[in-house]
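K.L.:
End of the sequence shown = 429 in numbering that gives the first Met the number 0, gap-free, step of one. Quick reminder that beta carbons are idealized off the backbone N, C-alpha and C, glycines included. The model shown is predicted, which means the values in this text are computed figures rather than measured ones.
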Amino acid sequence: MSDLDQVTLSAGDKLVSLPVLKPTLGNSCIDISKLTKETGLFTYDSGFTATASCKSAITYIDGDAGVLLYRGYPIEQLARQSTFLEVAYLLMNGELPSRGEMTAFDREVAHQAMMHESLRKFLNGFNYDAHPMAMLCGSVASLSGFHHDTLDLSDPEHRRQAAIRLIAKVPTMAAAAHRYSIGWPIRYPRYNLDYVSRFLHMMFELPSEPLELNPIVAKALDLLFILHADHEQNASTSTVRLVGSTGANPYASVAAGIAALWGPAHGGANEAVLKMLEEIGDARHVDAAVAKAKDKESGFRLMGFGHRIYKNFDPRATIIREMTHKVLGELGVNDPLLEVALKLEEAALKDDYFIQRKLYPNVDFYSGIIYKALNIPTEMFTVMFAIARTAGWVAHWLEQQVDPEAKIGRPRQVYTGHAKRDYVGIDSRK
Ligand code: ACO
């Protein structure tokens with residue numbers, strides 16, 4: 000952290016003093032909010048690589064040291080000792096719950112898990128082969144049409160209820176989207192199951208026989224959900240905040256987050272990893288794939304490698320790598336794609352191109368393999384990510400609603416178009 004309390008910028012004949020903000024952990028930030036008023040200058044930072052968009056007390060990442068903290072707790076400890084629902088409570092409320100608070104939270108989420116029957120009909124309007132992310136995005140946005148009686152955003156209880164509804168209903172809608180696409184009748188959420196088992200039941204129970212839930216599967220999924228629950232101001236969370244900054248309701252804001260998550264540079268990467276491994280097909284083709292990824296002309300990147308923030312290792316990838324081997328061993332899965340994945344990991348880690356650019360396997364590299372072992376269809380991978388990240392999205396949305404410094408998000412631009420010119424009638428154009 001820098002010791003500076005302020006920096007001085009020299010702009011022509013003007014010296015401007017800019018205060019330096021000190022975070023609890025991490026890099027100090029120059030507060031440039033007065034810069035334009037004093038100098039007429041904007042700043043340019045495409046992709047926000049050096050720009051903080053808000054103050055937040057939820058998640059801390061040190062990309063160089065491979066540190067990830069939720070509300071101060073290291074991800075390794077939460078992965079070992081907590082559950083996803085407890086993590087969701089922690090992210091939302093700032094502290095770990097007492098036993099009584101946890102029981103009440105668990106019960107409230109269970110009782111909010113049902114979706115309105117009309118929402119089921121809404122899903123039925125999609126084509127049978129629609130991508131489940133399209134169905135999830137649409138159905139989450141439509142929640143604002145069902146719960147508008149509790150959308151007074153100045154009421155803390157309304158805000159809390161919206162957050163709980165989102166955490167509770169997203170898995171129900173996700174499972175319904177999956178079952179619709181394979182032509183199975185939907186399963187209603189069971190109150191007597193824990194969060195993850197309830198989701199697995201809605202996903203996999205056959206219409207004709209009860210489902211025997213495998214505790215290894217439930218444990219693995221719970222861990223994956225913990226690892227994906229939040230990641231500070233990533234693209235989808237920043238989208239939720241940007242939409243939320245306009246006063247839009249939380250369902251619309253989270254639906255926008257889901258849309259942002261869908262892209263292959265973000266949450267869509269886990270699906271892209273599996274597709275890539277299938278295309279490589281055989282461990283013998285790995286070297287050729289690595290060579291192609293290094294060739295800029297090819298336009299091909301190794302999916303699941305690299306991260307905007309983690310430039311040494313992704314702590315989630317370390318946890319999940321261990322889990323991958325354990326799950327495949329315990330479930331007795333012998334997947335040839337795992338061999339391709341491990342060979343790829345090995346080849347890339349010793350290659351100068353990847354070393355110099357600090358490109359390491361990220362969390363999505365392994366999560367796809369686990370999802371496959373758990374029989375989650377490939378097109379559902381990003382949906383799984385969305386279920387987990389809903390906990391982070393609602394925590395950030397709640398935080399933003401009470402942030403006294405929050406403003407509508409409105410970036411500036413460096414205009415590169417034409418200078419002012421006169422309109423030319425169609426017959427006079429060249
Ligand atoms: N394969 C090959 N080369 C890569 C890869 C990759 N996966 N990722 C980055 N590079 C190269 C770039 O070509 C560039 O090379 P250059 O310096 O010679 O031009 C250099 O590494 C830096 O790349 P940037 O795109 O500038 O890095 P940035 O931090 O902006 O991007 C990102 C990070 C988007 C994750 C990128 O590494 C990527 O596309 N990875 C593959 C997709 C992926 O796995 N996304 C998941 C992200 S994690 C998540 O959402 C949970």
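In the structure shown, what three-state DSSP assignment does A347 receive?
P.N.:
A347: helix per DSSP, three-state reduction.
K.L.:
Less than 7 Å between the beta carbons of F304 and P360, yes or no?
P.N.:
A contact, by the Cβ cut-off of 7 Å.
K.L.:
Is the CB-CB distance between P131 and M379 below 7 Å?
P.N.:
The answer is yes: Cβ separation under 7 Å.
K.L.:
Here's the rule I'm using: 16 or more other beta-carbon atoms within 10 Å means buried, otherwise exposed. How should E278 be labelled?
P.N.:
E278 should be labelled exposed.
K.L.:
Do M322 and L220 have their C-beta atoms closer together than 7 Å?
P.N.:
Result no, Cβ atoms of M322 and L220 do not sit closer than 7 Å.
K.L.:
How big is the Cα-Cα spacing for G93 and P335?
P.N.:
Approximately 42 Å, taken between the alpha carbons.
K.L.:
Answer yes or no: do A112 and T171 have a C-beta to C-beta separation smaller than 7 Å?
P.N.:
Their beta carbons are under 7 Å apart, which means A112 touches T171 by this criterion.
K.L.:
Which same chain residues end up closer than 8 Å to N311 when comparing Cβ atoms and leaving out the 5 residues on each side of it in sequence?
P.N.:
Closer than 8 Å at Cβ, skipping near neighbours: G62, D63, A64, G65, K357 and Y359.
K.L.:
Where does the unbroken beta strand (DSSP E) through Y59 begin, and where does it stop?
P.N.:
Run containing Y59: T58 to D61, per the beta strand (DSSP E) assignment.
K.L.:
I'd like to confirm the pairing. Which residues does DSSP put opposite S9 in its beta bridges?
P.N.:
L14, per the DSSP bridge assignment.
K.L.:
Whose CB is closer than 6 Å to a heavy atom of the ligand ACO? List the residues in chain order.
P.N.:
Here the list is A264, H265, G266, A268, A292, R300, L301, M302, G303, F304, G305, H306, R307, R356, L358, N361, V362 and D363.
K.L.:
Measure the Cβ-Cβ separation of A87 and A390 and say whether it is below 7 Å.
P.N.:
Their beta carbons are under 7 Å apart, which means A87 touches A390 by this criterion.
K.L.:
Using DSSP with H/G/I as helix, E/B as strand and the rest coil, what is C53?
P.N.:
In this structure, C53 counts as coil in the three-state DSSP scheme.
K.L.:
Quick check: what's the CA-CA separation for L67 versus R428?
P.N.:
Spanning the two alpha carbons is a distance of roughly 58 Å.
K.L.:
In whole angstroms, give me the CA-to-CA distance for A255 and F353.
P.N.:
Taking the straight line from one Cα to the other gives about 33 Å.
K.L.:
When the distance is taken between beta carbons, is A394 closer than 7 Å to I57?
P.N.:
In contact: I57 and A394 (Cβ atoms closer than 7 Å).
K.L.:
With DSSP as the reference, label I308 as helix, strand or coil.
P.N.:
The answer is coil: DSSP assigns I308 none of H, G, I, E or B.
K.L.:
In the DSSP output, what is L301 paired with across the bridge?
P.N.:
Answer is none; L301 lacks a bridge partner.
K.L.:
Looking only at its chain, what residues have a beta carbon closer than 6 Å to the beta carbon of F125, apart from the 5 residues adjacent to it on each side?
P.N.:
Cβ neighbours of F125 beyond the five flanking positions: M134.
K.L.:
Given A288, which residues of its chain have a CB within under 6 Å of its CB, disregarding the five upstream and five downstream residues?
P.N.:
I279.
K.L.:
If the criterion is Cβ atoms closer than 7 Å, does the pair A129 and L260 meet it?
P.N.:
Going by C-beta atoms, A129 is not nearer than 7 Å to L260.
K.L.:
Taking 6 Å as the line, does the beta carbon of S427 fall inside it for any heavy atom of the ligand SAM?
P.N.:
With respect to the ligand SAM, the structure shown offers nothing to examine, as its ligands consist of the ligand ACO.
K.L.:
What's the gap between the Cα of N213 and the Cα of N248?
P.N.:
If I take the Cα positions, the gap works out to 38 Å.
K.L.:
Could you have a look at Y69 and say whether DSSP puts it in helix, strand or coil?
P.N.:
Y69: strand per DSSP, three-state reduction.
K.L.:
At the level of alpha carbons, what is the spacing between S55 and Y422?
P.N.:
S55 and Y422: Cα-Cα distance of roughly 47 Å.
K.L.:
Could you check how far apart the C-beta atoms of L14 and T23 are, in whole angstroms? I think they sit under 8 Å.
P.N.:
Not confirmed; about 30 Å, so no contact.
K.L.:
At what residue ranges does the region 210-287 contain a whole run of the alpha helix (DSSP H), taking only runs of 4 or more?
P.N.:
Here the runs fully enclosed are 214-227, 234-243, 249-260 and 268-279.
K.L.:
How is the alpha helix (DSSP H) around V393 delimited, first residue to last?
P.N.:
From DSSP, the alpha helix (DSSP H) with V393 extends over F380 to Q400.
K.L.:
Is it the case that the region 234-244 contacts the region 404-420, given that we only count it when at least three CB pairs across the two stretches are under 8 Å?
P.N.:
Flag = yes, the region 404-420 and the region 234-244 touch.
K.L.:
For the 8 Å Cβ check, are there 3 or more pairs between the region 220-239 and the region 74-83?
P.N.:
Segments in contact, yes.
K.L.:
Give me the Cβ distance between S27 and L34, rounded to the nearest whole Å; I'm assuming they're in contact under 8 Å.
P.N.:
Not quite, the Cβ-Cβ distance comes to about 16 Å (not below 8 Å), so this is no contact.
K.L.:
Is the region 159-173 in contact with the region 103-110, if contact means three or more CB pairs nearer than 8 Å?
P.N.:
Flag = yes, the region 159-173 and the region 103-110 touch.
K.L.:
Considering just the uninterrupted stretch of the alpha helix (DSSP H) at Q76, what are its terminal residues?
P.N.:
Start and end: I74 to Q80.
K.L.:
Check for me: the alpha helix (DSSP H) holding F364 runs from which residue to which?
P.N.:
Start and end: V362 to A372.
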